[in-house]
Amino acid sequence: MSTVSLVLRAGVRDLLRSRWLLAYGAGFWAVTEALFLFGGSGQQVVLSLLNAMLLLVPLVALVFGTAHVHASREFTELLLSQPLSRRSVFFGLYLGMALPLTGAFLVGVGVPLLLHGAATDAPRLALGLLAASGALLTLTFAAIAMVIALGVDDRLRAMARALAAWFALTVAYDGIVLAVVSAFGDWPIERPMLAAMLGNPIDLARLLVLTSLDATALLGYTGALFRQVFGTALGPVIAITALLLWAVLPVFVARRSFLRRDF
Amino acid sequence: MISLEGVRKAYGSRRVLEGVSLSLTPGRITGLVGPNGSGKTTLIKLILGLARPDAGRMLFDGVPFDADGLYRARIGYAPQSPRLPDHLAVGELFAMLRALRPGAAVDEAMLESFGLRAEWGTAVGKLSGGWRQKLANACAFLFSPDVLILDEPTAGLDPVASGLLKSALRKARADGRTILISSHILVELEEFADDVAFLNDGALRFAGPIESLLKETGTRRLEPAVAALLSGLKVV
Numbered sequence: 000m001s002t003v004s005l006v007l008r009a010g011v012r013d014l015l016r017s018r019w020l021l022a023y024g025a026g027f028w029a030v031t032e033a034l035f036l037f038g039g040s041g042q043q044v045v046l047s048l049l050n051a052m053l054l055l056v057p058l059v060a061l062v063f064g065t066a067h068v069h070a071s072r073e074f075t076e077l078l079l080s081q082p083l084s085r086r087s088v089f090f091g092l093y094l095g096m097a098l099p100l101t102g103a104f105l106v107g108v109g110v111p112l113l114l115h116g117a118a119t120d121a122p123r124l125a126l127g128l129l130a131a132s133g134a135l136l137t138l139t140f141a142a143i144a145m146v147i148a149l150g151v152d153d154r155l156r157a158m159a160r161a162l163a164a165w166f167a168l169t170v171a172y173d174g175i176v177l178a179v180v181s182a183f184g185d186w187p188i189e190r191p192m193l194a195a196m197l198g199n200p201i202d203l204a205r206l207l208v209l210t211s212l213d214a215t216a217l218l219g220y221t222g223a224l225f226r227q228v229f230g231t232a233l234g235p236v237i238a239i240t241a242l243l244l245w246a247v248l249p250v251f252v253a254r255r256s257f258l259r260r261d262f
Numbered sequence: 000m001i002s003l004e005g006v007r008k009a010y011g012s013r014r015v016l017e018g019v020s021l022s023l024t025p026g027r028i029t030g031l032v033g034p035n036g037s038g039k040t041t042l043i044k045l046i047l048g049l050a051r052p053d054a055g056r057m058l059f060d061g062v063p064f065d066a067d068g069l070y071r072a073r074i075g076y077a078p079q080s081p082r083l084p085d086h087l088a089v090g091e092l093f094a095m096l097r098a099l100r101p102g103a104a105v106d107e108a109m110l111e112s113f114g115l116r117a118e119w120g121t122a123v124g125k126l127s128g129g130w131r132q133k134l135a136n137a138c139a140f141l142f143s144p145d146v147l148i149l150d151e152p153t154a155g156l157d158p159v160a161s162g163l164l165k166s167a168l169r170k171a172r173a174d175g176r177t178i179l180i181s182s183h184i185l186v187e188l189e190e191f192a193d194d195v196a197f198l199n200d201g202a203l204r205f206a207g208p209i210e211s212l213l214k215e216t217g218t219r220r221l222e223p224a225v226a227a228l229l230s231g232l233k234v235v
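If you read the protein sequences in the order shown, they are chains A and B. Residues 0 to 262, numbered by numbering that gives the first Met the number 0, are exactly what the first sequence covers, in order. Residues 0 to 235, numbered by numbering that gives the first Met the number 0, are exactly what the second sequence covers, in order.
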């Protein structure tokens, strides 16, 4: 068995027994179940779940990921003191953290969706995209957490940066977009706004799920613009490609940092 | 076995090691001592390849350390009271380490003598500080390496476990292995160490046999000798 899979297996075994991870999965399960019980139609359930996912998945991946990388520092040192390549150790550690988080989300949301899916009137595509974009957001923000934790030795400062990143991409981003549109509405700001959207994986995930539902009114300025420019056929393809890139690029930034840094 | 020549290391503007030259000899135990922040941990990390020197040469059997870190197959390292994955069982941790080095012979007798078999199914997070240190020490001895690097290996150990560790160290020395131990417990260190390397403020102030240090400082014990080096005074 390769180094990556051995380190990954150890990480998965460790996290699957963690109460925090179980609570995360169970929490999503409970929220999904509650929404199906009290949330109205299938489409409304998907919309509510989407909002919960866009807030919680990045937050948990960033906070849990940053704390986990810091807590694993001595384990990392023990692994790096073995005759193993840093590259392999990195991928083992990253996947050992990101995959259990992704699994907890998919089980927490996916199982109730499968159980209730047949009874709901929400499009299957929307349900699938909700699960897929949540998984991609988990991978993305787990990698961003790794970048933060590897770059900042002090645990509290790293946690503060993780929370700042979450705040910037979930809360501040929408406010900034609104402010820019209000202030420069008469200017040709379409291109910068499209670039801003591609620069925010949370907005991309929102767009992806909303375009599969009959909920264009909820797209917001950037989403509507994206749909207008790229259309309903090309738009989702671009959005999912950008989301996939978001799931990969931070991993390579984290890998670079891991290969270069002193432990 | 391991030689450092003019090794320098700084973290940003903070100079941590300055021109350190040190040789670790097979069949001898070297005690790495010095006050907190003197550069002991950094020196260990450089040898393990966890950090890279800014300048100087590091040789293993006369050959510069390879970039792939394959030389580490001959080194066993015990961090001080390490925080390892809380939910992994002791047996699972060792199984992983064994699988990471396929073909390497495992010192089963050591695992028995350290008493770790009794805790095989216990989650690492449920071990006491002393057991964690035993676990760390066992990780270092696991593959009977040529070089042992131990960071505060007796910290938190009960007298029985400490005695077992010292026996294992004496046996390793008799087998011709190279041993480096970082410790603040000088009374204990002089029980089994042959040489001492004293770091202060990133510079190696003394490296050689303990007897030479005692003679140089005019003392009879290691602790006052190191105190004398620190204060720059001779203690009688």
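Here a beta-carbon is modelled for each residue, glycine too, at the ideal position from N, C-alpha and C. Model, not experiment: these values are computed from the prediction.
| query | result |
| --- | --- |
| Euclidean distance between Cα positions of Leu344 (chain A) and Phe89 (chain A) | What is shown of chain A runs 0 to 262, which leaves residue 344 (chain A) out entirely. |
| Ranges of the alpha helix (DSSP H) found wholly within the region 45–133 of chain B, counting only runs of at least 4 | 89–99, 107–112 |
| Lys233 (chain B), buried or exposed, once every other Cβ within 10 Å from all chains shown has been counted against 16 | Residue confidence for Lys233 (chain B) is low, a pLDDT of 47 falling below 50, so the modelled location carries little weight and cannot support an answer. |
| Beta-carbon gap between Val239 (chain B) and Leu185 (chain B) smaller than 9 Å | No statement about residue 239 (chain B) is possible, as the shown extent of chain B runs from 0 to 235 and does not include it. |
| Distance CB(Ala130 (chain A))-CB(Leu114 (chain A)) smaller than 9 Å | no |
| Environment of Val235 (chain B) [buried if 16+ CB atoms lie within 10 Å] | With a pLDDT of 40 at Val235 (chain B), under the threshold of 50, the modelled position of that residue is not reliable, and no figure is offered here. |
| Below-9 Å beta-carbon distance, Met57 (chain B) vs any chain A residue | no |
| Rounded distance between the beta-carbons of Ile28 (chain B) and Val146 (chain B), thought under 8 Å | Not really, about 12 Å apart at Cβ, beyond 8 Å. |
| Distance, Val44 (chain A) Cα to Gly127 (chain A) Cα | 14 Å |
| Where the alpha helix (DSSP H) containing Gly10 (chain A) begins and where it ends | 2–15 |
| For Asp150 (chain B), the residue or residues it bridges with in DSSP | B:Ser181 |
| Coil, strand or helix - Gly33 (chain B) by DSSP | coil |
| Selection of the region 66–80 of chain B by Cβ proximity to chain A, strictly under 8 Å | Asp67, Gly68, Leu69, Tyr70, Arg71, Ala72, Ile74, Tyr76, Pro78 |
| Of the listed residues B:Ala226, B:Ala167, B:Pro52, B:Tyr70, nearest to Lys8 (chain B) (C-alpha basis) | B:Pro52 |
| Contact belief for Gly41 (chain A) with Asp120 (chain A) at Cβ below 8 Å, rounded distance in angstroms | 4 Å |
| Per-residue DSSP class, three states only, for Leu232 (chain B) | Because the pLDDT at Leu232 (chain B) is just 49, under 50, the model does not fix this residue reliably, and the value given afterwards should be weighed accordingly. Looking at Leu232 (chain B) - three-state DSSP - the assignment turns out to be coil, as it is neither helix nor strand. |
| Straight-line Cα distance separating Asp194 (chain B) from Leu23 (chain B) | 9 Å |
| Limits of the unbroken alpha helix (DSSP H) element including Ile239 (chain A) | 219–259 |
| Proximity of Leu42 (chain B) and Leu3 (chain B) at Cβ, strictly below 9 Å | yes |
| Pick from A:His69, A:Ala204, A:Ile175, A:Leu244 that is closest to Pro191 (chain A), judged by C-alpha positions | A:Ile175 |
| Cross-chain neighbours of Ala9 (chain A) in chain B, by beta carbon under 8 Å | Pro84, Leu87, Glu91, Leu92, Met95 |
| Same chain only: Cβ atoms within 6 Å of Thr177 (chain B), ignoring 5 sequence neighbours per side | Met0, Leu23, Pro25, Val146 |
| Inter-residue spacing [alpha-carbon to alpha-carbon] between Ala246 (chain A) and Pro122 (chain A) | 25 Å |
| Residue-level contact to chain A via CB, Gly48 (chain B), 9 Å cutoff | yes |
| Per-residue DSSP class, three states only, for Arg13 (chain B) | strand |
| Where Asp153 (chain A) falls, given that 16 or more other Cβ within 10 Å makes a residue buried | exposed |
| For Leu53 (chain A), the nearest candidate out of A:Tyr220, A:Gly38, A:Asp173 (CA to CA) | A:Asp173 |
| Limits of the alpha helix (DSSP H) - the one that Leu49 (chain A) falls within | 41–70 |
| Contact set between Thr2 (chain A) and chain B, taken where Cβ atoms lie within less than 8 Å | Leu99 |
| Collapsed DSSP secondary structure at Pro111 (chain A) in the structure displayed | helix |
| Reference Asp174 (chain B), options B:Pro158, B:Ser143, B:Leu188, closest by Cα | B:Ser143 |
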